[in-house]
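**Q** My questions will all concern the structure given below.
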Amino acid sequence: MGRKFTVGFEVDDWDDVSNYWASYEEPYMDETHYRWKTMVYQYRWEDLYDIEDVRYDQDKRGITLGAGKKFPHDPTLSWYVDLDWHEVEYRLIDWLDYPDESLIPNADKFIAGRNISVTGTLTRNLIDPYLSYPKGGGQSLSVEQGFFSPDDPSLEEMNYTKYWVEARYYWPLYNLFEDLLDRQIGTEDNPVLFAARVRVGFSSGELPWSEQYFLGGSRTLRGYRDNLFSGSEMALGNVELRVPIQEAISIVAFYDIGMASDGSVFSDLVNGYGIGVRVRTPMGNLRLDFAEGEYENRTHFGFGEMF
């Protein structure tokens, strides 16, 4: 496959999120060859609202180094370790329901500083590597140990641990529309595809606001603002039906459900659903999703499949 250099970006509703990154990587791994990746990134969120209607901007910029390889004698199992360093800044803009900044509940949660973390991931990959589309599934277990140093010298450093599991499944539906509508859609090399993802996460220790689980936006829970939901626990489910219309164009119907909070995430789940368009280009897939959440409709744009 060879090493590759990638430059990417992602926006949400064209104006309030601007994420940019560049990476250089060796994507191939086996029992003797390491897969590795280095990435620099800058994520900027403007006019974010948290669940308490506090409006703020957030900047995060950093660098990630990672490497891993497959276990001997079992090509479906692999390990990967990421080392990440980033700094985060906040700007409180206004607070809709509070006359003064000092009255905002938990206003001290917006702590600027620097974070360094190590994340280890064990993966079981049963996706067929010889097809032009994903078929099969996989599971992963990740543990992150982090250390956060606030810019404010009066605040103590924070240590935390996060752990989450994820499962993905891809099921080609070769004859779905032919059986239902007596019409063939897709080809043997580009079939209709059902895709599903489930992710559940927990944490322990003193978790800074910037390192919590966040849901909302084009990569997690469509139909909601980026990072609208946050907390020490997280549950997320995504399903997509990917229907090829032409060789380079697909239509996607999707349904997302999830929540991130400090309480029981399974008791307050929210959902979003909609349709999207995928356009295959030499630089990768362009992704445009129109989603309806429980509070509003959102448009999401980015590169690559969501999962």
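Going by my numbering, the sequence shown opens with residue 8, and the numbers climb by one from there. Note that beta-carbon positions come from the ideal geometry of N, C-alpha and C, so glycine has one too.
1) What separation, rounded to the nearest whole angstrom, lies between the Cα atoms of PRO136 and VAL284?
2) Under 7 Å, do GLU299 and GLY281 count as touching if we go by C-beta distance?
3) Whose CA, out of SER161, VAL125, HIS307 and TYR31, lies closest to the CA of THR168?
4) What three-state label does DSSP hand LYS142 in the structure shown?
5) When burial is assigned at 16 or more other CB atoms within 10 Å of the CB, is VAL88 buried or exposed?
6) Could you check which residue in LEU248, GLN253 and VAL205 has the C-alpha nearest to that of MET241?
7) According to the neighbour-count rule (16 or more other Cβ atoms, all chains shown, within 10 Å of its Cβ), is ALA255 buried or exposed?
8) Could you check how far apart the C-beta atoms of SER239 and LEU214 are, in whole angstroms? I think they sit under 8 Å.
9) Considering just the uninterrupted stretch of the beta strand (DSSP E) at ASP263, what are its terminal residues?
10) Out of ARG131, GLN146, MET165 and SER149, which one is the CA nearest neighbour of ALA119?
11) CB GLY193 to CB LEU228, shorter than 7 Å?
12) Tell me which same chain residues have a C-beta within less than 6 Å of the C-beta of PRO157, skipping the five on either side of it?
13) Can you tell me whether PHE184 is helix, strand or coil according to DSSP?
14) Can you tell which of TYR63, ASP233 and TRP86 has the C-alpha that lies nearest to the C-alpha of GLY127?
15) Per DSSP, TRP28 is paired with what?
16) Excluding the 5 residues flanking ARG237 on each side, which residues of the same chain have their C-beta closer than 8 Å to its C-beta?
17) In its own chain, which residues sit with a C-beta less than 6 Å from the C-beta of PHE249, not counting the 5 before and 5 after it?
18) Would ARG2 pass as a contact of SER25 if the rule is Cβ separation under 7 Å?
19) Tell me where the beta strand (DSSP E) around ALA119 begins and ends.
20) Provide the residue(s) that pair with THR126 in DSSP beta bridges, ordered along the chain.
21) For MET290 and ASN122, I'd like the C-alpha separation in whole angstroms.
22) Going by beta carbon distance, what residues of the same chain come within less than 6 Å of ASP263, once the five residues before and after it are set aside?
23) Have a look at ARG131 and GLY145 and give me their C-alpha separation to the nearest angstrom.
24) So, PRO141 versus TYR170, is the Cβ gap smaller than 7 Å?
25) Near THR13, what residues of its chain come up, given a Cβ to Cβ distance below 6 Å and the 5 sequence neighbours on each side ignored?
26) Straight-line CA distance for GLY153 to TYR48?
**A** Taking the coordinates as given:
1) The residue labelled residue 136 in the question sits at position 129 within the sequence shown. The residue labelled residue 284 in the question sits at position 277 within the sequence shown. Taking C-alpha positions only, PRO136 is separated from VAL284 by approximately 25 Å.
2) Taking the first residue of the sequence shown as 1, we reach residue 299 at position 292. Taking the first residue of the sequence shown as 1, we reach residue 281 at position 274. It is a contact, given that the beta carbons lie within the stated cut-off.
3) Counted from its first residue, the sequence shown places residue 168 at position 161. Checking every option, the nearest Cα to that of THR168 belongs to VAL125.
4) Within the sequence shown, residue 142 is the residue found at index 135, counting from 1. DSSP places LYS142 in coil when its eight states are reduced to three.
5) As a first step, residue 88 is located in the sequence shown; it is residue number 81 there, counting from the start. Exposed: under 16 other Cβ atoms inside 10 Å.
6) Against the sequence shown, residue 241 aligns to sequence position 234. Looking at the Cα atoms, VAL205 is the closest of the given residues.
7) Start at 1 with the first residue of the sequence shown, and residue 255 comes out as number 248. Taking every protein chain shown into account, the CB of ALA255 has fewer than 16 other CB atoms within 10 angstroms, so this residue is exposed.
8) Position 232 of the sequence shown, counting from 1, holds the residue named residue 239. Position 207 of the sequence shown, counting from 1, holds the residue named residue 214. Your pair SER239 and LEU214 checks out as a contact, with CB atoms roughly 5 Å apart and the cut at 8 Å.
9) As a working mapping, residue 263 is identified with position 256 in the sequence shown. First-last of the beta strand (DSSP E) with ASP263: 256–268.
10) Working through the sequence shown from its first residue, we reach residue 119 at position 112. Comparing Cα positions, the closest option is MET165.
11) Within the sequence shown, numbered from 1, the residue matching residue 193 stands at position 186. Within the sequence shown, numbered from 1, the residue matching residue 228 stands at position 221. Contact: no.
12) Position 150 of the sequence shown, counting from 1, holds the residue named residue 157. The answer, listed in chain order, is ILE118 and GLY120.
13) Within the sequence shown, the letter at position 177 stands for residue 184. Note: PHE184 maps to helix in three-state DSSP.
14) What you label residue 127 is simply residue 120 of the sequence shown in a count that begins at 1. The shortest C-alpha separation from GLY127 is found at TRP86.
15) Along the sequence shown, read from residue 1 onward, the residue named residue 28 stands at position 21. Per DSSP, GLY15 and TYR48.
16) Residue mapping note: residue 237 aligns to position 230 of the sequence shown, counting from 1. It should be pointed out that residue 237 corresponds to Ser in this sequence rather than to Arg. Once the five neighbours on either side are set aside, the close Cβ partners of SER237 are ASP57, ILE58, TRP216, GLN219, TYR220, PHE221, LEU222, ALA267 and SER268.
17) Mapped onto the sequence shown, residue 249 falls at position 242. Rather than Phe, the amino acid found at residue 249 in this sequence is Arg. For ARG249, where only same-chain residues beyond five positions count, the Cβ hits under 6 Å are LEU200, SER257 and VAL259.
18) Past the edges of the chain, shown from 8 to 314, lies residue 2, and the structure says nothing about it.
19) Indexing the sequence shown from 1 puts residue 119 at position 112. Under the DSSP assignment, ALA119 falls outside any beta strand (DSSP E); it carries neither an H nor an E label.
20) Here the question's residue 126 lines up with position 119 in the sequence shown. Per DSSP, ASP89 and GLU151.
21) Walking along the sequence shown from the start, residue 290 turns up at place 283. Walking along the sequence shown from the start, residue 122 turns up at place 115. Here the alpha carbons of ASN122 and MET290 stand approximately 32 Å from one another.
22) To locate residue 263, count along the sequence shown from 1; it is residue 256. The residues LEU228, ARG229, ASN245 and GLY279, in chain order, have a CB closer than 6 Å to that of ASP263 in the same chain once the five nearest residues on each side in sequence are set aside.
23) Sequence index remark: in the sequence shown, residue 131 carries index 124 (1-based). Sequence index remark: in the sequence shown, residue 145 carries index 138 (1-based). The alpha-carbon of ARG131 is positioned some 5 Å away from that of GLY145.
24) Walking along the sequence shown from the start, residue 141 turns up at place 134. Walking along the sequence shown from the start, residue 170 turns up at place 163. Cβ distance not < 7 Å, so PRO141 and TYR170 don't count as in contact.
25) On the sequence shown, residue 13 is found 6 positions in, with the first residue counted as 1. The beta carbon of THR13 sits closer than 6 Å to the beta carbons of SER30 from its chain, once the five residues preceding and following it are set aside; these are given in chain order.
26) Translated into positions along the sequence shown, residue 153 becomes position 146. Translated into positions along the sequence shown, residue 48 becomes position 41. A straight line joining the alpha-carbon of GLY153 with that of TYR48 spans about 18 Å.
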